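Just below is one structure, and these are the notes that go with it.
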Amino acid sequence: MGFTEEIKRRRTFAIISHPDAGKTTLTEKLLLFGGAIHVAGAVKSNKIKKTATSDFMEIEKQRGISVATSVMGFEYDGYKVNILDTPGHQDFAEDTFRTLTAVDSVIIVVDAAKGVEAQTRKLMEVCRMRNTPVIVFINKMDRPSKDPFELLDEVEEELKIKVQPLSWPIGNGTEFKGVYNLFEKNLYLFDPGKQVLEEGVSIEDFNDPVLNSIIGDDSAESAREELELVQGVYPDFEMDPYREASVAPVFFGSALNNFGVRELLHCFLQIAPTPQPSKAEERMVDAGEEKFTGFVFKIHANMDPNHRNRLAFLKICSGKFQRNTNYLHVRNGKNMKFSSPTAFMADKKSIIDEAYPGDIVGIPDTGNFKIGDTVTQGEKLHYKGLPSFSPELFRYIENDDPMKSKQLAKGIDQLMDEGVAQLFVSQFNGRKVIGTVGALQFEVIQYRLLHEYGASCRYEPINLHKACWIRSEDEKELADFKKRKVQYMAKDKSGRDVFMADSAYMLQMAQSNFKNIEFHFTSEF
Ligand code: G4P
130 MGFTEEIKRR RTFAIISHPD AGKTTLTEKL LLFGGAIHVA GAVKSNKIKK
180 TATSDFMEIE KQRGISVATS VMGFEYDGYK VNILDTPGHQ DFAEDTFRTL
230 TAVDSVIIVV DAAKGVEAQT RKLMEVCRMR NTPVIVFINK MDRPSKDPFE
280 LLDEVEEELK IKVQPLSWPI GNGTEFKGVY NLFEKNLYLF DPGKQVLEEG
330 VSIEDFNDPV LNSIIGDDSA ESAREELELV QGVYPDFEMD PYREASVAPV
380 FFGSALNNFG VRELLHCFLQ IAPTPQPSKA EERMVDAGEE KFTGFVFKIH
430 ANMDPNHRNR LAFLKICSGK FQRNTNYLHV RNGKNMKFSS PTAFMADKKS
480 IIDEAYPGDI VGIPDTGNFK IGDTVTQGEK LHYKGLPSFS PELFRYIEND
530 DPMKSKQLAK GIDQLMDEGV AQLFVSQFNG RKVIGTVGAL QFEVIQYRLL
580 HEYGASCRYE PINLHKACWI RSEDEKELAD FKKRKVQYMA KDKSGRDVFM
630 ADSAYMLQMA QSNFKNIEFH FTSEF
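One point on numbering: in our numbering, the residue at position 318 of the sequence shown is 447, and numbering is uninterrupted.
Encoded structure:
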């Protein structure tokens, strides 16, 4: 198969949802279709359950699981599908944001009874920022659900995107009869006990009396009314608005019952974008360009504490990636060869000789990579789109064992490269501040420093509201600001100036007193 065909057949996407909406179940059913797994239950959820906050073994176990399920590739009907998993726990939101930079589209799972929930709204903001096309799967129709029109309105309003139902549910809960697929014009009947996949009944015109004989007069009548309304309210599906991320196609189903999943997959494969151009600081890079380029969006530490090896996840943006070939690590200017890059097929890893745009390759790493690094065939490119966000929680980190200060420094350094949290060093007193999205990270860091680096640390409280990256064209005002706010100035890991505001009021005052200074809440602007 030629290079262009290889690119065209790739679909790289993430499934996102609020915890418990059914992301893991849907992923598993998609893998079953792809023949990547053969029994349900083979994919363990990588979500870190709320109860796990103080159960470190549980965290460790789940970290292990999340390596295995980080990327799941499979072949289906001539397509190469790459599903990128995202941690469900909101304390790991940054990890999810970064994973979203490596996908070309997204499937959002919404619980039909609960509607759009907080975490989904947040994740959708990231999709919107990046103009990522989304498809919505409304799950758990076998349970009593909200009215489908109400759900669509909610999605439209809460996720701020127009919707386009491509299937329509007939009833819900115990009265759930099936879905009418508006895309294929087929009726699929629901049978909760049945996991066997059947072809739908083709009904071109839903006024056909055959509908009555299949689902009964009452259901047929109300389905007709609703479908007429649907067709009146929502225009026919068009590819461009979906691809431009202004319209989200919507499917209804039940992942647990494997219902509506195949239709979702078939439609997804037809409409979802192929590997898209990637934005580097220097230029846009087309997936079809001959020369290899890629970037690291995730680093995972090895589970074995005796080997501090890590796995860097490299997203291929252009060209063909080949094993044992010299590539440039742009940040440190070194040429590197990768002798054992791995591909991820479902829950298995295997060494590969080549990979194509859209694919994710795992590179064993001993500390050369950090998140955001670009690798190329020689061109000095810097891929964009992996910003750090201002953390929500801050604590001083202190050495608790003076004999192990080197180990602690190294451990902190490597954990920050992995993107576990952010480090800020005060310009006033040199103290180190760790910033995180959720409280769980502090415990993970402490645990990992001890178990992987033999270093112990303790935290001390610090009262901070936000970290803002500052910049100004007005050098005099910037110097003045830094002098006046010296107690609140810190450097991030790349040596950039960060203003650590201790309250919203203080930040507001600073913004109004220093008009020529830009305050940014993400590190990339
Ligand atoms: P998540 O990854 O989004 O967090 O959700 P997950 O798939 O783990 O699903 C959360 C719960 O919802 C699971 O039940 C799962 O079985 C259930 N579920 C998923 N899809 C459907 C569906 O279509 N209908 C119904 N009725 N339930 C569904 P659990 O009891 O929390 O876990 P488990 O013990 O079944 O694994």
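Every residue, glycine too, gets a C-beta built ideally from N, C-alpha and C. From a predicted model like this one, the values you see are computed outputs, not experimental measurements.
Helix, strand or coil for Gly540? Go by DSSP, reduced to three states.
Start at 1 with the first residue of the sequence shown, and residue 540 comes out as number 411. Gly540: helix per DSSP, three-state reduction.
Thinking C-alpha only, which one of Tyr208, Arg353 and Asn645 is nearest Trp297?
Numbered from 1 along the sequence shown, position 168 holds the residue referred to as residue 297. Comparing Cα positions, the closest option is Arg353.
Could I get the ranges of all uninterrupted beta strand (DSSP E) runs contained in the stretch 346-423, with 3 residues as the minimum, in chain order?
Fully enclosed beta strand (DSSP E) runs of 3 or longer: 376-381.
I'd like to check one pair, Pro370 with Ser234: are the Cβ atoms closer than 7 Å?
Taking the sequence shown and counting its residues from 1, one reaches residue 234 at position 105. Taking the sequence shown and counting its residues from 1, one reaches residue 370 at position 241. No, Cβ-Cβ distance for Ser234 and Pro370 is not below 7 Å.
How big is the Cα-Cα spacing for Phe366 and Leu393?
Looking up residue 366 in the sequence shown gives position 237. Looking up residue 393 in the sequence shown gives position 264. Distance between the alpha carbons of Phe366 and Leu393: 14 Å.
The ligand G4P heavy atoms versus the CB of Gly151: any closer than 6 Å?
On the sequence shown, residue 151 is found 22 positions in, with the first residue counted as 1. Yes, the Cβ of Gly151 comes within 6 Å of a heavy atom of the ligand G4P.
Can you list, in chain order, the residues of its chain with a C-beta nearer than 7 Å to that of Arg560? Leave out the 5 residues immediately preceding and following it.
In the sequence shown, counting from the first residue as 1, residue 560 sits at position 431. Excluding residues within five positions, the ones whose Cβ falls inside 7 Å are Tyr525.
Taking the straight line between their C-alpha atoms, what separation do you get for Lys717 and Gln551?
Because the chain here runs from 130 to 654, residue 717 falls outside it and cannot be looked at.
With a cut-off of 8 Å on the beta carbons, I'd call Val627 and Ala619 a contact; round off their distance for me.
Here residue 627 refers to the residue found at position 498 when the sequence shown is read from its first residue. Here residue 619 refers to the residue found at position 490 when the sequence shown is read from its first residue. Correct: roughly 5 Å between the Cβ atoms.
How big is the Cα-Cα spacing for Arg391 and Ile343?
Residue 391 sits at position 262 when you count from the first residue of the sequence shown. Residue 343 sits at position 214 when you count from the first residue of the sequence shown. Going by the C-alpha atoms only, they are around 21 Å apart.
How long is the line joining the alpha carbons of Glu285 and Phe610, rounded to whole angstroms?
Locating residue 285 in the sequence shown gives position 156, where the first residue counts as 1. Locating residue 610 in the sequence shown gives position 481, where the first residue counts as 1. Straight-line Cα distance between these residues: approximately 43 Å.
Using DSSP with H/G/I as helix, E/B as strand and the rest coil, what is Ala633?
Here residue 633 refers to the residue found at position 504 of the sequence shown. Of the three classes helix, strand and coil, the one that applies to Ala633 here is helix, per DSSP.
Taking the alpha-carbon of Thr230 as reference, which of Met201, Ser274, Cys597 and Phe142 has the nearest alpha-carbon?
Position 101 of the sequence shown holds residue 230. Selected option, being the one with the closest Cα: Phe142.
Thinking just about the alpha-carbon of each residue, which of Arg613, Leu159 and Asn386 is nearest to the one in Tyr205?
By 1-based counting over the sequence shown, the position of residue 205 is 76. Nearest C-alpha to Tyr205: Leu159.
Determine which residues share a DSSP beta bridge with Leu440 and list them.
Counting from one through the sequence shown, the residue named residue 440 turns up at place 311. Partner(s): His429 and Pro493.
DSSP puts Ile526 in a beta bridge; with which residues?
Here the question's residue 526 lines up with position 397 in the sequence shown. Note: Ile526 sits in a beta bridge opposite Tyr588.
Quick check: is any heavy atom of the ligand G4P less than 6 Å from the C-beta of Pro148?
Your numbering for residue 148 matches position 19 in the sequence shown. Yes, the beta carbon of Pro148 sits closer than 6 Å to at least one heavy atom of the ligand G4P.
Is any non-hydrogen atom of the ligand G4P found closer than 6 Å to the C-beta of Ala384, if you look at the structure I gave you?
By 1-based counting over the sequence shown, the position of residue 384 is 255. Yes.
Taking Phe650 as the reference, which of Lys622, Gln640 and Ala596 has the closest Cα?
The residue given as residue 650 occupies position 521 in the sequence shown. The shortest C-alpha separation from Phe650 is found at Ala596.
Ordered along the chain, which non-local residues of its own chain (more than five positions away) have a Cβ less than 8 Å from that of Lys137?
As a first step, residue 137 is located in the sequence shown; it is residue number 8 there, counting from the start. These residues qualify, in order along the chain: Thr403.
Looking at Lys243 and the ligand G4P, is the gap between the Cβ and the nearest heavy atom below 6 Å?
Position 114 of the sequence shown, counted from the start, is the residue given in the question as residue 243. No.
Pull up the distance between the alpha-carbon of Pro338 and that of Ala349, whole angstroms please.
Within the sequence shown, numbered from 1, the residue matching residue 338 stands at position 209. Within the sequence shown, numbered from 1, the residue matching residue 349 stands at position 220. The alpha-carbon atoms of Pro338 and Ala349 are separated by roughly 9 Å.
The ligand G4P and Asp488: does the residue's C-beta get closer than 6 Å to at least one heavy atom of that ligand?
For the purposes of this step, residue 488 is taken as the residue at position 359 of the sequence shown. Result no, Cβ not under 6 Å from the ligand G4P.
Leaving out five residues before and five after Phe305 in sequence, what residues of the same chain have Cβ atoms less than 6 Å from its Cβ?
Here residue 305 refers to the residue found at position 176 when the sequence shown is read from its first residue. Answer for Phe305: Met270, Asp271 and Phe319, listed in chain order.
His147: buried (16+ other C-beta within 10 angstroms of its C-beta) or exposed?
In the sequence shown, counting from the first residue as 1, residue 147 sits at position 18. Buried is the call here.
DSSP beta-bridge partners for Leu569?
Residue 569 sits at position 440 when you count from the first residue of the sequence shown. None, per the DSSP bridge assignment.
The ligand G4P heavy atoms versus the CB of Thr154: any closer than 6 Å?
Locating residue 154 in the sequence shown gives position 25, where the first residue counts as 1. Indeed, a heavy atom of the ligand G4P lies less than 6 Å from the Cβ.
Leaving out five residues on either side along the sequence, give the residues of the same chain with a beta carbon under 7 Å from the beta carbon of Lys509.
To locate residue 509, count along the sequence shown from 1; it is residue 380. Same-chain partners within the cutoff: Val459.
For Gly624 and Glu653, I'd like the C-alpha separation in whole angstroms.
Walking along the sequence shown from the start, residue 624 turns up at place 495. Walking along the sequence shown from the start, residue 653 turns up at place 524. Those two C-alpha atoms are separated by around 14 Å.
Look up Asn260 in the DSSP assignment and say whether it is helix, strand or coil.
In the sequence shown, residue 260 corresponds to position 131, counting from 1. In the structure shown, Asn260 sits in coil (DSSP, three-state: anything other than H, G, I, E or B).
Could you give the residue range of the alpha helix (DSSP H) that holds Asn315?
Numbered from its first residue, the sequence shown carries residue 315 at position 186. Note, Asn315: premise wrong, no alpha helix (DSSP H); beta strand (DSSP E) at Asn315 to Leu318.
The ligand G4P and Asn268: does the residue's C-beta get closer than 6 Å to at least one heavy atom of that ligand?
Reading the sequence shown from its first residue, position 139 is the one you call residue 268. The answer is yes for Asn268.
Starting from Ser555, trace the alpha helix (DSSP H) both ways and give me its first and last residue.
Reading the sequence shown from its first residue, position 426 is the one you call residue 555. Ser555 -> not in any alpha helix (DSSP H); beta strand (DSSP E) instead, spanning Gln551 to Ser555.
Between the stretch 578-593 and the stretch 495-504, do at least 3 Cβ pairs fall closer than 8 Å?
As far as the Cβ criterion goes, the stretch 578-593 does not touch the stretch 495-504, which means the pair count is below three.
With DSSP collapsed to three states, give me the class of Ser174.
Residue numbering aside, residue 174 sits at position 45 when the sequence shown is read from its first letter. Only weak support is given to the placement of Ser174: the predicted model assigns it a pLDDT of 48, under 50, and the value that follows is read from those uncertain coordinates. Three-state result, Ser174: coil.
Is Asp271 near the ligand G4P, judged by its Cβ being under 6 Å from some heavy atom?
Position 142 of the sequence shown, counting from 1, holds the residue named residue 271. Flag set: Cβ of Asp271 near the ligand G4P.
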